[in-house]
Every structure is written in C-alpha cells, then in structure tokens.
Amino acid sequence: MRHIRWAAGLRYTINAVLCLAVLCTGCTKQSIDARSLIFWKPHLLYLQSSPCERLYVEIDAVAGSEPNEDIIGALRQCLLQYCDKPDGVRIVRNISIPLEDAQATRPEILALRYMDGPVDSKHDGRTAYLYVLFYDSSQLLAKRYRQAVNPHAKLLPYPAAIYMDTRYIKKHHLSKYEAQLLLHEVGHILGLTWSQKRGDDWHCHCRDKSCLMYESYKVTTLPFQRDRQKDFCKLCKADLEAARAGETDPRLKFCGPVMVRSEQNYHVLSLPAFVKLHFGPLELIKWQDVLEQARNETPRRAAQPDTVAVIMGSGDPADFDEATSLRRAIENAERDPCQTVRLGVNIIKEQFMRQSGHISGAEQTVSKWLYGR
C-alpha cells in the first residue's frame with residue numbers, strides 16, 4: 055500500500071481548458087515525497103469541530119461491489135472516534151450503480167457521474183464531505199485501469215475521496231480484511247503519515263508493522279495467528295489528537311462536495327480529477343454548477359488515467375476589475391503552492407499570449423473567456 059506515481063507530459067486545447075498529467079496519490083507500490091502535500095491541511099476539516107460542525111459521508115457502489123454492514127459500521131465507528139463533529143456524522147448509501155451504467159474510463163469519472171453531494175448542506179461551509187466509491191476495475195474502459203488497483207485515496211487534487219477496487223480485494227483474497235483496508239485510506243484522509251514529521255524526515259506510511267497505517271497489510275495465513283493490524287498505533291493516535299488541537303487552516307472550506315482553497319485574489323476549487331481556478335468573489339460560486347462543469351469537462355479533457363482537467367473561470371465582470379485584479383490574480387496563481395495549479399496557469403497564460411502577441415491583449419482575451427465560463 056505504498057504511494058505514488060508521477061505522470062509526465064501535458065496537453066491543452068485552444069479554448070483554454072487545460073488537461074495535464076500531474077501528481078496523484080494512492081496506496082500503490084511506488085513512493086511519494088510527503089513534503090509535496092504539506093502546503094495545506096484539508097484533514098483538519100474532518101478532525102476539528104470548526105469550521106465544519108458535521109460530517110457527511112456519501113457511499114456509492116457498483117452492483118456486485120457493495121460493502122456489507124460490518125464495513126460501514128467500522129467506518130462509522132472510526133469517524134465518530136476521531137472526528138470532532140458536534141452535529142454528528144451521517145453516512146448515506148446510494149442505490150447501487152447498475153453494471154450497464156458503470157462503464158467509464160477511470161473511477162474518478164464514475165465518481166463525478168454519481169456524486170450527489172451533501173443533500174442537507176446549507177451552503178454555509180459547516181459540512182465536511184467524504185466520498186467513497188466501491189467498484190470493479192474490470193468494468194472500466196481504459197485498459198490501464200482494467201488491472202486490479204489497490205484501495206487508495208488520491209490526496210491531490212481532491213483529498214476527499216476513497217476508491218475501493220473490489221476486484222483487487224477479491225483477487226488477493228482480502229475480503230475478510232476489507233474494513234481494515236478502508237480504514238487505512240481513511241487514515242490518509244485524516245492526515246495520518248503525510249501531514250506530520252516523524253523524526254528527521256517525512257514518511258507516507260507508519261513504520262510500525264503492527265499499525266493499520268503500515269505500508270502493506272500482513273494477511274494471517276495460519277488459524278492460530280491473530281491479526282495484528284486492527285488499529286492505529288500510539289504514535290498515529292497521538293498525531294490525530296495533536297491535529298485536533300492544532301491551528302485550523304482558514305483557507306479551506308467545503309462548498310457542498312467541492313473542496314475550496316482560498317488564496318489572495320483567487321480560489322482553487324477541486325473535485326475528483328478536476329480543478330477550477332475561480333477569479334472573483336467566492337459568493338458567486340454554486341457548487342452544483344461546479345460539479346456539472348466537472349462532469350462535462352473531465353470525461354472530455356482528462357479521460358486518461360492520472361490526468362487532471364484544469365479550467366479557469368470568473369463571475370460577473372461588474373464585480374471584477376479586469377485591468378488590474380485579473381493580472382494580480384494570475385500572477386499570484388502562478389506562484390501557487392500546488393504544482394497542478396502552477397502548471398495550469400502558466401500554460402493557459404502562454405497560450406493566450408501566443409494568440410494575442412502581447413500581455414494586455416492576452417488579458418483582454420482571458421477576461422472575455424473567463425466571464426463566459
């Protein structure tokens with residue numbers, strides 16, 4: 055259950071919608087430098103009582119891959135134990151996705167298609183959101199994803215979704231341990247092993263072989279042996295307690311299922327395999343519109359594995375001074391701490407500059423396009 059793979063290369067289109075290969079995370083056999091993730095603290099939205107006072111968990115499953123009640127119970131118990139939510143934790147199981155409707159090139163697109171978001175959200179940013187998809191990779195259209203894939207949580211660009219490939223679980227005879235595999239990924243969502251420094255270095259997994267966050271799960275083969283990896287170790291539990299008592303990250307909030315990171319003069323909106331840079335007031339954002347954009351853009355622009363669709367948009371031009379504010383916002387976004395955002399902004403800007411031949415013309419072109427998104 056190791057992290058990650060780097061995907062090289064990029065591609066973009068003339069209409070300024072960018073699709074590029076970027077850093078993704080998952081419990082795969084390759085490793086990632088955890089320091090590349092510490093520019094934000096999304097896990098605090100789950101652990102702390104403020105600003106999110108409640109937690110809404112949405113579970114989708116393809117027919118034949120549904121989790122049993124023991125797995126759901128283990129998930130609920132874990133979240134209640136470690137997430138400080140005065141208004142409680144709500145887990146919603148959607149109707150199973152029919153097999154004939156489950157075909158997609160990648161699980162992220164399937165997630166976007168069936169994600170409903172928190173139905174009881176009051177758009178006040180007080181509801182944390184977590185999405186879990188149980189699927190069978192043999193149903194996916196992309197050949198690369200027909201291979202059984204470890205359960206994983208992709209912490210970039212959207213650290214609020216878990217993907218459970220039941221084909222992998224069945225292939226490796228891990229059905230008995232499906233709850234533990236899910237809780238391992240929940241641990242990553244809650245910030246374990248990547249958000250804290252252990253000793254002199256950062257690690258993506260716990261080094262305690264008896265911990266649920268160890269890089270691999272040791273299956274018991276003899277009847278008289280007991281499963282060791284049933285819980286987080288003392289150090290991981292201490293990290294969770296420290297995070298709950300730590301400082302909040304005021305830049306972050308949920309708007310429905312959309313993760314919002316607010317920087318100076320711009321906002322980064324993320325969903326599975328999708329990022330939108332919003333220039334303008336945050337109040338203009340309707341998460342239903344962003345989700346619909348992600349559903350439309352991602353299958354067309356990021357259908358291939360390990361790619362992210364990055365678009366730019368804004369609100370009413372009357373609320374946004376395109377001569378100065380747009381320039382300042384783009385300059386700030388070019389220095390964004392997330393590599394995905396930096397690459398996206400730089401390439402889109404270069405594209406418009408090549409079209410216009412000079413910066414001011416590029417800004418005018420960008421402005422017209424932004425206000426039309």
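Sequential numbering from 55 applies to the sequence shown in this note's numbering. The C-beta atom is built at its ideal place from N, Cα and C for all residues, glycine as well. In this text, all values refer to a predicted model and were calculated from it rather than measured experimentally.
Under the DSSP definition of a beta bridge, Arg147 partners with Ile113. Residue environment for Ile149: exposed (fewer than 16 other C-beta atoms within 10 angstroms of its C-beta). Inclusion of Thr394 and Pro211 in the CB contact set at 8 Å is warranted, their separation being smaller than that value. Burial of Gln347 is indicated by the presence of at least 16 other C-beta atoms within 10 angstroms of its C-beta. By the criterion of a C-beta distance shorter than 8 Å, Ser379 is surrounded in its chain by Asn319 and Phe333, once the five residues flanking it on both sides are discounted. The continuous alpha helix (DSSP H) containing Leu164 extends over residues Pro161 to Tyr168. With fewer than 16 other beta carbons inside 10 angstroms of its own, Ser104 counts as exposed.
Counting every other CB atom within 10 Å of its CB across the protein chains shown gives Lys403 a total of 16 or more, marking it as buried. Residue nearest to Cys137 within the set Ala299, Asn400 and Met313 is Ala299 (criterion: CA-CA distance). Assignment of Asp219 by DSSP, reduced to helix, strand and coil, places it in the strand class. The segment 207-223 and the segment 349-356 do not touch, with fewer than 3 CB-CB distances between them shorter than 8 Å. The criterion of a C-beta distance shorter than 8 Å is satisfied by Ala233 and Asp124. In the three-state scheme derived from DSSP, where H, G and I count as helix and E and B as strand, Gly398 is classed as helix. Contact check for Ile339 against Leu323 passes: the beta carbons are separated by less than 8 Å. Between Leu166 and the set Lys95, Ala214, Asp141 and Glu337, the nearest pair of CA atoms involves Ala214. Residue pairing of Arg315 in beta bridges, as defined by DSSP: Leu306 and Val322. Of the candidates Ile223, Gly398, Glu120 and Tyr183, the residue whose Cα lies closest to the Cα of Tyr110 is Tyr183. Around the beta carbon of Arg354, a 10 Å sphere encloses fewer than 16 other beta carbons of the protein chains shown; the residue is thus reported as exposed.
Under the three-pair Cβ rule at 8 Å, the segment 291-298 does not count as touching the segment 184-194.
By the beta-carbon neighbour count (other beta carbons within 10 angstroms, threshold 16), Arg315 is buried. The Cβ neighbour count for Gln131, taken over all protein chains shown within 10 Å, is under 16; the residue is labelled exposed.
Counted as a single uninterrupted DSSP element, the alpha helix (DSSP H) harbouring Tyr100 occupies residues Leu98 to Leu101. DSSP, read as helix, strand or coil, puts Ala357 in coil. Per DSSP, reduced to three states, the secondary structure at His259 is coil, with no helix or strand assignment. Taking every protein chain shown into account, the CB of Gln102 has 16 or more other CB atoms within 10 angstroms, so this residue is buried.
Contact check for Gly310 against Pro161 fails: the beta carbons are separated by 8 Å or more.
In the three-state scheme derived from DSSP, where H, G and I count as helix and E and B as strand, Lys340 is classed as coil.
Boundaries of the beta strand (DSSP E) around Val329: Phe328 to Phe333.
One Cα belongs to Ser229, the other to Leu236, and the distance between them is close to 11 Å.
Closest by C-alpha distance to Gly241, out of Leu129, Tyr168, Glu120 and Leu345, is Leu129.
Residue pairing for Thr181: DSSP places it in a beta bridge opposite Arg108. Excluding the 5 residues flanking it on each side, Leu99 has same chain C-beta neighbours closer than 7 Å at Cys106, Ala182, Leu306 and Phe308, in chain order.
Partner residues in the beta bridge of Val186, as assigned by DSSP, are Ile113 and Ile216.
Between Leu153 and Ala117, the C-beta spacing is below 8 Å. In this chain, the alpha helix (DSSP H) harbouring Ile126 covers Glu123 to Tyr136.
One alpha carbon belongs to Glu317, the other to Val399, and they sit about 14 Å apart.
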